[in-house]
Structure formats: structure tokens, C-alpha cells
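Encoded as C-alpha cells, the structure appears first; notes follow it.
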Amino acid sequence: MWIEQETPVQDDTPILSETQGRVALVRLNRPRQMNALNDALMDALGAALLGFDARDDIGVIVITGNDKAFAAGADIAQMQGAGYMDMLHSQFITRNWETIRQVRKPVIAAVAGLALGGGCELALACDLVLAAQGARFGLPEIKLALLPGAGGTQRLPRAIGKAKTMDMCLSARTLSADEADRCGLVSRVLPDDRLLPEALALAQQMAAYSAPALMAIKESVNRAFEGPLTEGILFERRALYARFASADAQEGMNAFLERRAPEFSHR
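So for the sequence shown, the numbering used here puts the first residue at 229; every next one is plus one.
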């Protein structure tokens with residue numbers, strides 16, 4: 229049971245957050261708008277992510293929506309009527325959508341219902357994507373004479389390849405959870421009623437591991453997408469060597485040899 233609630237339950241609160249043990253759960257909370265992503269929501273989400281990232285007692289963060297929508301895209305009402313200079317001066321997307329890139333701890337997206345446009349891009353920005361059987365993923369911006377602008381044209385081909393990305397972006401095709409799984413967009417597909425329990429159980433499992441090791445793995449894997457292989461291998465090797473200076477690595481190896489469970493200090 230989730231016992232420590234960080235944010236009171238209110239219809240006008242764009243996110244709700246709660247914790248249990250070393251796991252934080254953040255819920256997108258604009259159900260009337262299918263969790264459409266506007267500035268208020270993205271500001272609140274960024275603040276929550278950075279807040280949990282700074283807490284020593286939190287190891288993993290889970291982001292979810294509701295049964296109908298993880299997030300059905302950016303809030304069109306907020307964008308309608310805006311011109312080029314409006315977007316430039318307000319740093320649309322850049323100002324608050326990219327905050328998730330600053331988070332060093334693992335972030336899991338638990339996706340049910342629709343993950344379209346910005347919602348799909350938010351899921352892509354997470355480290356693992358767990359999908360309910362009924363989830364659907366798409367980038368339909370072409371229908372508005374726009375294009376994905378929160379990393380969709382960049383992260384998606386790295387996840388599923390050029391051909392599928394072109395299909396989704398140019399035709400507005402949506403993928404079922406099973407097809408998204410086959411393409412490599414999601415990590416696991418789960419029964420609808422098991423999505424959140426399984427996501428939280430996975431988060432608890434991960435959060436029990438050494439926090440510095442989790443962060444080193446996340447950073448090393450991300451390097452594989454952002455640089456050449458030689459540089460990535462060099463980064464990985466240095467990250468491995470650095471682990472031998474940690475108390476947790478020594479504890480992990482000692483516990484293995486002594487055939488007992490490790491007691492990590494996250495140091």
C-alpha cells in the first residue's frame with residue numbers, strides 16, 4: 229500500500245505523487261483532457277522529477293497516467309494561435325519538457341491507453357517503458373501539419389529503426405502494445421490490470437540495488453545512443469573502474485562470496 233502521499237488529491241492538480249520505500253510514483257492528472265501536456269503539467273512534472281532525483285531515500289521513479297491515457301499529446305489549445313517568435317521566445321518544449329534528461333535515477337513509464345504525440349515522446353524519454361495490453365503509441369503530428377518536436381524524430385529511430393519511424397511519423401500510424409514490443413519501443417507488455425502493480429514491483433526491485441551503480445549503468449547505456457562505439461566503450465570502462473571505489477561494490481562482492489544478501493549503503 230502506498231502510504232506517503234506527497235501531493236493532495238485534487239482535480240486541478242496537474243500531477244499527483246506518492247512514495248513507498250525507495251520508489252516514487254508520479255501520476256499525470258488531467259483526466260478531462262486525456263492528460264494533454266501543457267506548461268502547468270510539464271512544470272510540475274519537471275519539479276517532481278528533480279525533487280525525487282535529489283532525495284537520497286528514492287532510488288527509482290515511475291511515471292503513469294490513467295487507464296484511458298498515459299498522455300494523448302501536447303495541449304493543442306495552448307499552442308493554437310502561437311507564431312514562430314512566440315515559440316522561440318517561450319522556448320517551447322526546450323524550457324520544461326527536457327527536464328527529464330537531467331534525472332540521473334532510473335525512470336519507468338507505465339503506459340496504459342493512449343500515448344500519442346508528446347505522450348509517446350515522454351515515454352520515449354524514460355529509461356524503461358512498460359505497456360498495458362491495451363496501450364497504443366503514435367506520433368500523429370502530421371495531421372496538424374506539424375512534426376514531433378520533443379525528441380520523437382530522434383529517439384524513435386534509435387529505438388525502432390528508420391522504417392517504422394517514417395511509417396509512424398509520415399502516416400500517423402499507431403502501434404499496438406504488442407507491435408511496439410516487437411519493434412523494441414517498450415520493455416514489457418502486461419495485462420491491463422497488472423500494469424501498475426508490476427511496474428511498482430520492478431521499481432522496488434531496482435531500487436534495492438546500489439543507487440550509484442544504477443546511475444552509472446543508465447549513463448553508460450545512454451552514451452550508446454549519443455556517441456560513437458569507441459567513445460562509449462571507453463566511458464563504460466571508466467565507469468566500471470569507478471565502481472571499485474564504491475562501498476557498495478565491495479559489499480556486493482563480499483556478500484556474493486559469503487553467500488548472503490548484500491546490504492547496500494548507496495555509497
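Think of the CB as a built atom: it goes at the ideal place given N, C-alpha and C, for glycine as much as any other residue.
What do you get for Ser399, buried or exposed, if any count of 16 or more other CB atoms within 10 angstroms of its CB means buried? exposed
Determine the closest residue to Ala387 out of Asn294, Ala444 and Cys354, with distance taken between C-alpha atoms. Cys354
Assuming the contact rule is C-beta atoms closer than 8 Å, Ala359 and Ala429 should be a hit. Round their C-beta distance to whole Å, please. Not confirmed; about 16 Å, so no contact.
Leaving out the 5 sequence neighbours to the left and right, which residues in its chain are closer than 7 Å to Gly280 when beta-carbon positions are compared? Note on identity: in this sequence residue 280 is Phe, with Gly being the wrong assignment. For Phe280, where only same-chain residues beyond five positions count, the Cβ hits under 7 Å are Ala252, Ile286 and Ile289.
Rounded to a whole number of angstroms, what is the C-alpha to C-alpha distance between Gln233 and Glu459? Model confidence at Gln233 stands at a pLDDT of 39, short of 50, so the residue's coordinates are unreliable; what they give is reported in the following sentence. Roughly 42 Å separates the two Cα atoms.
For my contact list, Val335 and Ile291 are in at a C-beta cut-off of 8 Å; report their separation, rounded to the angstrom. 6 Å
Considering Cα atoms alone, identify which of Asn450, Thr322 and Met315 is closest to Glu464. Asn450
Rounded straight-line distance, which links the Cα of Arg383 to that of Ala338: Distance between the alpha carbons of Ala338 and Arg383 is about 18 Å.
Assign Gly249 to one of three DSSP states: helix, strand, or coil. coil
What separation, rounded to the nearest whole angstrom, lies between the Cα atoms of Leu183 and Val331? Since the first and last residues shown for the chain are 229 and 495, residue 183 lies out of range.
Go to Thr393, then tell me how far its alpha helix (DSSP H) extends in each direction, as first and last residue. Lys390 to Ser399
Just reading off the beta strand (DSSP E) that Phe365 is part of, what are its end residues? Annotation: the continuous beta strand (DSSP E) that includes Phe365 extends over Arg364 to Gly366.
Buried or exposed by the 16-neighbour rule on C-beta atoms within 10 Å, applied to Arg323: Exposed, since its Cβ has fewer than 16 Cβ neighbours within 10 Å.
Just mark Phe484 as buried or exposed, buried being the case when its beta carbon has 16 or more other beta carbons within 10 Å. Looking at its Cβ environment, which holds fewer than 16 other Cβ atoms inside 10 Å, Phe484 is exposed.
Taking Cβ to Cβ, would you say Leu496 is nearer than 8 Å to Ala299? Any question about residue 496 goes unanswered here, given that the chain covers just 229 to 495.
Assuming Ala264 and Asp303 are in contact, meaning their beta carbons sit under 8 Å apart, how far apart are those beta carbons, in whole angstroms? 4 Å
Every unbroken beta strand (DSSP E) inside the stretch 291 to 319 [3 residues or more]: The qualifying runs are 297 to 299.
Taking the beta strand (DSSP E) that Ser404 belongs to, which residues open and close that run? Residue range Thr402 to Ser404 is occupied by the beta strand (DSSP E) that includes Ser404.
Tell me the rounded alpha-carbon separation between Gly377 and Arg466. 34 Å
Arg465 - containing alpha helix (DSSP H), residue span: Leu457 to Arg471
Taking the alpha helix (DSSP H) that Leu199 falls in, what are its first and last residues? Residue 199 lies beyond the range of the chain shown here (229 to 495); nothing can be said about it.
Could you check the C-alpha separation between Val357 and Met270 for me, to the nearest Å? Their Cα atoms are separated by approximately 19 Å.
Using 8 Å as the threshold, is the C-beta distance between Ser438 and Asp476 below it? yes
How is Ala427 classed by DSSP in three states: helix, strand or coil? helix
Among all the DSSP beta bridges, which residues are the ones paired with Ile243? Leu256
Euclidean distance between Cα positions of Glu326 and Ala470: 28 Å
One or two residues paired with Ala360 in a DSSP bridge: Leu418
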